[in-house]
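Participant: Structure below; questions to follow.
Protein chains: 2
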Amino acid sequence: MEPSNRQIVIEQLPQGKLAAEHFRLRETAVPVPAPGEVLLRNRYVSLDAANRAWMQGATYRAALNAGQVMAGGALAEVVQSRAATLAPGDLVFADTGWQDYAVLPAARVMKVAPVEPLTHLISVYGVAGLTAYFGLLECGKPQPGETVVVSAAAGAVGEIVGQIAKIKGCRTVGVTGGAAKCKLLTSELGYDAAVDYKAGDTMRALRDACPDGIDVYFDNVGGDVLEACLFNMKVHGRIACCGAISQYDSAAPHGPRGVPGLIVTKRLMLRGFLVSDFYPQRDKALADLQGWVKSGQLRVHEDIIEGLENLPRALIGLLAGQNIGKRMVKVV
Amino acid sequence: MEPSNRQIVIEQLPQGKLAAEHFRLRETAVPVPAPGEVLLRNRYVSLDAANRAWMQGATYRAALNAGQVMAGGALAEVVQSRAATLAPGDLVFADTGWQDYAVLPAARVMKVAPVEPLTHLISVYGVAGLTAYFGLLECGKPQPGETVVVSAAAGAVGEIVGQIAKIKGCRTVGVTGGAAKCKLLTSELGYDAAVDYKAGDTMRALRDACPDGIDVYFDNVGGDVLEACLFNMKVHGRIACCGAISQYDSAAPHGPRGVPGLIVTKRLMLRGFLVSDFYPQRDKALADLQGWVKSGQLRVHEDIIEGLENLPRALIGLLAGQNIGKRMVKVV
Numbered sequence: 068m069e070p071s072n073r074q075i076v077i078e079q080l081p082q083g084k085l086a087a088e089h090f091r092l093r094e095t096a097v098p099v100p101a102p103g104e105v106l107l108r109n110r111y112v113s114l115d116a117a118n119r120a121w122m123q124g125a126t127y128r129a130a131l132n133a134g135q136v137m138a139g140g141a142l143a144e145v146v147q148s149r150a151a152t153l154a155p156g157d158l159v160f161a162d163t164g165w166q167d168y169a170v171l172p173a174a175r176v177m178k179v180a181p182v183e184p185l186t187h188l189i190s191v192y193g194v195a196g197l198t199a200y201f202g203l204l205e206c207g208k209p210q211p212g213e214t215v216v217v218s219a220a221a222g223a224v225g226e227i228v229g230q231i232a233k234i235k236g237c238r239t240v241g242v243t244g245g246a247a248k249c250k251l252l253t254s255e256l257g258y259d260a261a262v263d264y265k266a267g268d269t270m271r272a273l274r275d276a277c278p279d280g281i282d283v284y285f286d287n288v289g290g291d292v293l294e295a296c297l298f299n300m301k302v303h304g305r306i307a308c309c310g311a312i313s314q315y316d317s318a319a320p321h322g323p324r325g326v327p328g329l330i331v332t333k334r335l336m337l338r339g340f341l342v343s344d345f346y347p348q349r350d351k352a353l354a355d356l357q358g359w360v361k362s363g364q365l366r367v368h369e370d371i372i373e374g375l376e377n378l379p380r381a382l383i384g385l386l387a388g389q390n391i392g393k394r395m396v397k398v399v
Numbered sequence: 068m069e070p071s072n073r074q075i076v077i078e079q080l081p082q083g084k085l086a087a088e089h090f091r092l093r094e095t096a097v098p099v100p101a102p103g104e105v106l107l108r109n110r111y112v113s114l115d116a117a118n119r120a121w122m123q124g125a126t127y128r129a130a131l132n133a134g135q136v137m138a139g140g141a142l143a144e145v146v147q148s149r150a151a152t153l154a155p156g157d158l159v160f161a162d163t164g165w166q167d168y169a170v171l172p173a174a175r176v177m178k179v180a181p182v183e184p185l186t187h188l189i190s191v192y193g194v195a196g197l198t199a200y201f202g203l204l205e206c207g208k209p210q211p212g213e214t215v216v217v218s219a220a221a222g223a224v225g226e227i228v229g230q231i232a233k234i235k236g237c238r239t240v241g242v243t244g245g246a247a248k249c250k251l252l253t254s255e256l257g258y259d260a261a262v263d264y265k266a267g268d269t270m271r272a273l274r275d276a277c278p279d280g281i282d283v284y285f286d287n288v289g290g291d292v293l294e295a296c297l298f299n300m301k302v303h304g305r306i307a308c309c310g311a312i313s314q315y316d317s318a319a320p321h322g323p324r325g326v327p328g329l330i331v332t333k334r335l336m337l338r339g340f341l342v343s344d345f346y347p348q349r350d351k352a353l354a355d356l357q358g359w360v361k362s363g364q365l366r367v368h369e370d371i372i373e374g375l376e377n378l379p380r381a382l383i384g385l386l387a388g389q390n391i392g393k394r395m396v397k398v399v
């Protein structure tokens, strides 16, 4: 029997909350590469809040549409190559989408060297780790002794931001949802303090956790938490704008109060970024991250779910804040 | 008869739109300086949108309250000095408030050298000109050939921003209210194009005026115009956050949509500033401004109203967009 290619297709774009019925599983033939292309076998598919944003409309990539294979980045193995630059057995990171196999032009995949464990190529040495590194250090520019607040603090990016900020000598405050996750932030993930945004009055809780104000806010969520941080920023504070997860799974995103009033009076700097903007500095970042992991200063948390068919619920759960650290689905 | 000191006092803080009944005129004795203080006679009082913001609550200064003399900066002459650093006849810029005379500690006034005309010390060589200069060049960082959008484009700061951007080789688009002011922007103030935010669909009008997108937006207004600009910014665009005049004269300020989503996807930089942050670089700025005025590259527009008693309507009119260039009230 020929192997088949399982694909998870967008059945319908969500208007509000993402749910299982927005996806369906189908089986097709394994695709065949043309000259210049490679056939990839997915190993681990990365789950990212941005996946949901792509379903809202055009972002830094074209909007997704019903009928398409759901988009997503993955660690994959080359099984057949019609390009000189890649050979069977090579490991690559690529936007393969949610499927067992994908054919892509060789120019659109990034070869990566194997590490132990492989999953670190998706977490700390992948987009999550580099996003944390560049966003915090290049956009937030924290100084020793400063107070750094991180939202989605137990998430793939957030947990690394918090730890890098500690390595840089900062006081760190994580914002997350629920008492259990708050406890985890301080007991397991190294934060100095935690704020539960689900407990109400985040503005007040942040003021209590940061009595001298916030120097750097690493924003993964936007919305009400961003607003509460704006009101608690110190003069000349910096906000690294990484994502807006609170706004993705919603039909009516709204902007925070205090924009631009507080930006002016507190002379804040807000800077949006994509990790790809910093790829020229990638080697230095990876060397730092590897050094910190090796020395035990940076502990990596991964949340691995088995089975391609579980991708929809893995993403739905991520948007609900179920994961601790980097969530991925092991395909094979 | 002793000279008296006319003062304009806040009768009541406005909840919504500022009106004449929020002020009243009273006469008191001319105050007497203590050691270390000076008695000032106001010459020209500066009208600024920020005056209204101070009535909303604490900003970079404490909130104003009913019963206080209305705050405001002015060009004043020292009439009596009990400080070694200042002598009668000296010209100073100081936060005197809206009154004929004020007593202030010498340390809280800034001595200025007379120029011809004196009013330029309040417009192009005062807070307005320096705000335009530093906000555009330090926060906006425009490059030759880039598109610069300026809101409140005919106002004291805006008209100078537009002209400096032209001097730096940029294409300039001014946003203002009404067809007559739009015409003035292109015929008198040197803008390449004008957008009327009162004509509706500012988003579309900006897209038409900036078909390649906006590189730098100098924001004096916040609100809907900021939102429309966010949607039209180019990737890696910069926004200099100078003020939020659209939000000051209102009870329910709201934040723009697209924050932080568009900041992330377009990798924007938003930077708030106060002119005082840049005072260490003041001499260089003044030298540049003086050079441009002398060479005729920078034309200064001033809107001078006579009579201290007219300060309330001067501010109310400024908030309604009546002024072209720097508005001030000549006291004596």
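Protein sequence lines, in the order shown, are assigned to chains A and B. Residue numbers for the first sequence follow my numbering, beginning at 68 and rising by one. Residue numbers for the second sequence follow my numbering, beginning at 68 and rising by one. Where a beta carbon is used, it is the ideal one built from N, C-alpha and C, also for glycine. Quick caveat: nothing in here was measured; it's all calculated off a predicted structure.
Return yes when the Cβ of Thr198/B is within less than 9 angstroms of the Cβ of Thr214/B, no when it is not.
Facilitator: no
Participant: Which residues of the region 123 to 155 of chain B have a Cβ closer than 7 angstroms to any Cβ of chain A? Give them in chain order.
Facilitator: Thr126 and Tyr127
Participant: Let me make sure I understand the geometry here. Which of Val360/B, Ile281/B and Val146/B has the alpha-carbon closest to that of Gly212/B?
Facilitator: Ile281/B
Participant: Within 10 Å of its beta-carbon, does Tyr346/B have 16 or more other beta-carbons around it, so buried, or fewer, so exposed?
Facilitator: The residue in question, Tyr346/B, is exposed, as its Cβ has fewer than 16 Cβ neighbours within 10 Å.
Participant: If I follow the unbroken alpha helix (DSSP H) through Tyr171/A, where does it start and stop?
Facilitator: For the sequence presented, residue 171/A should be read as Leu rather than Tyr. Leu171/A -> not in any alpha helix (DSSP H); beta strand (DSSP E) instead, spanning Tyr168 to Pro172.
Participant: Check whether the region 222 to 238 of chain A touches the region 251 to 263 of chain A, taking contact to mean three or more Cβ pairs, one atom from each stretch, closer than 8 angstroms.
Facilitator: At 8 angstroms Cβ cutoff, the stretches touch.
Participant: Go to Asp263/B, then tell me how far its beta strand (DSSP E) extends in each direction, as first and last residue.
Facilitator: Ala260 to Asp263
Participant: Using a C-beta cutoff of 9 angstroms, does Gln82/B count as contacting chain A?
Facilitator: no
Participant: Considering only the alpha carbon of each residue, which of Arg149/B, Leu341/B and Gly124/B lies closest to Gly103/B?
Facilitator: Closest in alpha carbon position to Gly103/B, among Arg149/B, Leu341/B and Gly124/B, is Arg149/B.
Participant: Just to make sure I have the definition right: I need the residues of chain B whose C-beta is within less than 9 angstroms of the C-beta of Gln314/A. Which are they?
Facilitator: Result: Pro327 and Gly328.
Participant: Which runs of the beta strand (DSSP E) fall wholly inside the region 311 to 384 of chain A and span at least 3 residues, in chain order?
Facilitator: Entirely contained in the region 311 to 384 of chain A, the beta strand (DSSP E) runs reaching 3 residues are, in chain order, 336 to 339 and 369 to 373.
Participant: Please classify Arg128/A as buried or exposed, where buried requires at least 16 neighbouring CB atoms within 10 angstroms.
Facilitator: Exposed.
Participant: Counting only Cβ pairs nearer than 7 angstroms, list the residues of chain A close to Lys333/B.
Facilitator: Gly339
Participant: If you pair each beta-carbon of the region 367 to 383 of chain B with each one of the region 78 to 93 of chain B, do three or more pairs fall below 8 angstroms?
Facilitator: yes
Participant: Name, please, each residue of chain B whose Cβ falls closer than 8 angstroms to the Cβ of Leu293/A.
Facilitator: Under the 8 angstroms cutoff, chain B gives Val326 and Pro327.
Participant: Mind checking which residues open and close the alpha helix (DSSP H) that includes Glu226/B?
Facilitator: Ala223 to Ile234
Participant: Do you know offhand how far Gly290/B's Cα is from Asn72/A's?
Facilitator: 50 angstroms
Participant: Once you ignore the five residues that flank Thr269/B on each side, which residues in its own chain have a CB closer than 7 angstroms to its CB?
Facilitator: Short of 7 angstroms from the beta carbon of Thr269/B, and not among the five residues preceding or following it, lie these beta carbons of its own chain, in chain order: Val262, Asp291, Val292 and Ala295.
Participant: Can you list, in chain order, the stretches of the alpha helix (DSSP H) that have 4 or more residues and sit fully within the region 94 to 165 of chain B?
Facilitator: Runs of the alpha helix (DSSP H) inside the region 94 to 165 of chain B: 116 to 121.
Participant: Contact criterion: CB-CB distance below 9 angstroms. Does Pro100/B meet it with respect to chain A?
Facilitator: By the rule that beta-carbons nearer than 9 angstroms mark a contact, Pro100/B does not touch chain A.
Participant: Going by Cα to Cα distance, which pick from Arg93/A, Gly156/A, Leu188/A and Val99/A is closest to Glu369/A?
Facilitator: Leu188/A
Participant: Note down the Cα distance separating Met336/A from Ala125/A, rounded to an integer number of angstroms.
Facilitator: The alpha-carbon separation between Met336/A and Ala125/A amounts to approximately 26 angstroms.
Participant: The alpha helix (DSSP H) spanning Thr186/B covers which residue range?
Facilitator: Premise fails: Thr186/B is in no alpha helix (DSSP H) and is neither H nor E.
Participant: Taking a cut of 8 angstroms between CB atoms, which residues from the region 278 to 291 of chain A lie near chain B?
Facilitator: Asp286 and Gly289
Participant: Count the C-beta pairs between the region 156 to 170 of chain A and the region 73 to 80 of chain A that are closer than 8 angstroms, then say yes if the count reaches three, no if not.
Facilitator: yes
Participant: Is there a Cβ of chain B sitting closer than 9 angstroms to that of Ala220/A, yes or no?
Facilitator: no
Participant: Please work out which residues of its chain come closer than 6 angstroms, Cβ to Cβ, to Pro98/B, disregarding the five sequence neighbours upstream and downstream, and give them in chain order.
Facilitator: Val170
Participant: Quick check: the Cα distance between Ala37/B and Ala223/B, rounded to an integer number of angstroms?
Facilitator: The question about residue 37/B has no answer here: the residues shown for chain B are numbered 68 through 399.
Participant: Counting Cβ pairs closer than 8 angstroms, one from the region 300 to 307 of chain A and one from the region 324 to 340 of chain A, do we hit at least three?
Facilitator: yes
Participant: Taking any Cβ of chain B, which residues in the region 236 to 263 of chain A have a Cβ under 8 angstroms from it, in chain order?
Facilitator: none
Participant: What distance in whole Å lies between the Cβ atoms of Met395/B and Tyr111/B, which are believed to be in contact at a cut-off of 8 angstroms?
Facilitator: 5 angstroms
Participant: What residues in the region 112 to 123 of chain A bring their beta carbon closer than 8 angstroms to a beta carbon of chain B?
Facilitator: Ala120
Participant: When the Cα of Ala220/A is compared with those of Val399/A, Lys393/A and Val398/A, which residue comes out closest?
Facilitator: Lys393/A
Participant: Comparing alpha-carbon positions, which option in Gly139/A, Asn377/A, Leu356/A and Thr95/A lies nearest Lys235/A?
Facilitator: Leu356/A
Participant: Candidates Ile306/B, Val288/B, Ala307/B and Gly328/B: which alpha carbon is nearest Ser313/B's?
Facilitator: Val288/B
Participant: Going by C-alpha to C-alpha distance, which of Gly363/A, Gly207/A, Leu185/A and Val216/A sits closest to Ser113/A?
Facilitator: Leu185/A
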